[in-house]
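Report on one structure; see the data block that follows.
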Amino acid sequence: MSKYWFHNKITEHRSALRSLYYPSFSSPLPQNQYRSSVHTDYGAFTILKQDSIGGLQVQNRLDDKWIDVPFIENSFVINLGDLMSRWTNDHWVSTPHRVLSPSNKTNDGLYPCRQSIAFFCQINPNEIVKCIPTCYSIDKPSKYPPIKSWDLIMQKYLASTKKNY
Numbered sequence: 387m388s389k390y391w392f393h394n395k396i397t398e399h400r401s402a403l404r405s406l407y408y409p410s411f412s413s414p415l416p417q418n419q420y421r422s423s424v425h426t427d428y429g430a431f432t433i434l435k436q437d438s439i440g441g442l443q444v445q446n447r448l449d450d451k452w453i454d455v456p457f458i459e460n461s462f463v464i465n466l467g468d469l470m471s472r473w474t475n476d477h478w479v480s481t482p483h484r485v486l487s488p489s490n491k492t493n494d495g496l497y498p499c500r501q502s503i504a505f506f507c508q509i510n511p512n513e514i515v516k517c518i519p520t521c522y523s524i525d526k527p528s529k530y531p532p533i534k535s536w537d538l539i540m541q542k543y544l545a546s547t548k549k550n551y
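For the sequence shown, the working numbering assigns the number 387 to the initial residue and increments by one for each residue that follows.
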């Protein structure tokens with residue numbers, strides 16, 4: 387595979403940089419109410435800068451246990467997305483994650499706010515997403531049919547809006 391294989395797939399990308407603010411609150415939240423519920427990101431990958439408040443957890447796919455993602459000064463968290471899973475035939479898989487609400491109040495009597503910044507890397511909307519040539523073989527065929535990038539994202543979005551309503 388050429389080291390330039392990805393280059394023409396991001397010339398007209400629809401990536402997004404988002405500021406994610408979770409406000410402070412004064413009363414405990416109901417059990418199992420999260421600041422962000424369990425999900426995977428839709429694109430190729432996400433670059434996240436989180437603050438020191440914490441709460442981000444990733445799910446271990448081997449035992450389904452949740453692991454706290456520690457805050458490390460001057461670092462980023464990289465989450466693989468659903469598109470990367472399709473590209474690599476699930477050799478690399480998207481990361482289920484969630485954001486918990488804080489359990490302890492600060493000195494002002496409030497549960498603290500949380501601020502993070504996420505860059506969601508998307509590819510060109512008309513790019514056909516199909517298994518990378520080095521990730522399939524006769525013995526290991528592609529698990530996913532080819533699909534246009536925009537259609538894949540819309541399928542994921544529409545599926546997410548049908549849940550819990």
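Positions of the beta carbon are idealized from the N, C-alpha and C atoms, including for glycine. The structure displayed is predicted, hence computed values, not measured ones.
Residue i classed as buried or exposed, judged by whether at least 16 other C-beta atoms fall within 10 angstroms
i	result
V463	buried
F392	exposed
L544	exposed
V424	exposed
Y428	buried
E459	exposed
T432	buried
Proximity test, Cβ basis, 8 angstroms: residue i and chain C
i	result
P498	The structure shown contains no chain C; it is built from a single protein chain.
Identity of the residue in the options nearest residue i by Cα
i	options	result
P511	Q443, S535, M540, I433	S535
M387	T474, L415, L448	T474
E398	Q508, S461, P532	Q508
S413	T426, G467, P527, S489	S489
S528	R472, Q541, S401, K395	R472
I439	K451, V455, D449	V455
D449	P482, S502, Y530, K395	P482
Counterpart residues of residue i in DSSP-defined beta bridges
i	result
C507	F431
R500	Y408
V485	S422, L442
Q541	BP columns for Q541 are empty, so no partner.
Rounded distance between the beta-carbons of residue j and residue i, thought under 8 angstroms
i	j	result
R447	R500	So it is not a contact: roughly 25 angstroms between Cβ atoms.
Q443	L486	6 angstroms
Inset, instruction - Answer yes if the segment 492–501 comes into contact with the segment 475–482, meaning at least three C-beta pairs across the two stretches below 8 angstroms, and no otherwise. - result: no
Inset, instruction - Could you tell me whether the segment 517–531 touches the segment 401–413, using the rule of 3 or more Cβ pairs below 8 angstroms? - result: no
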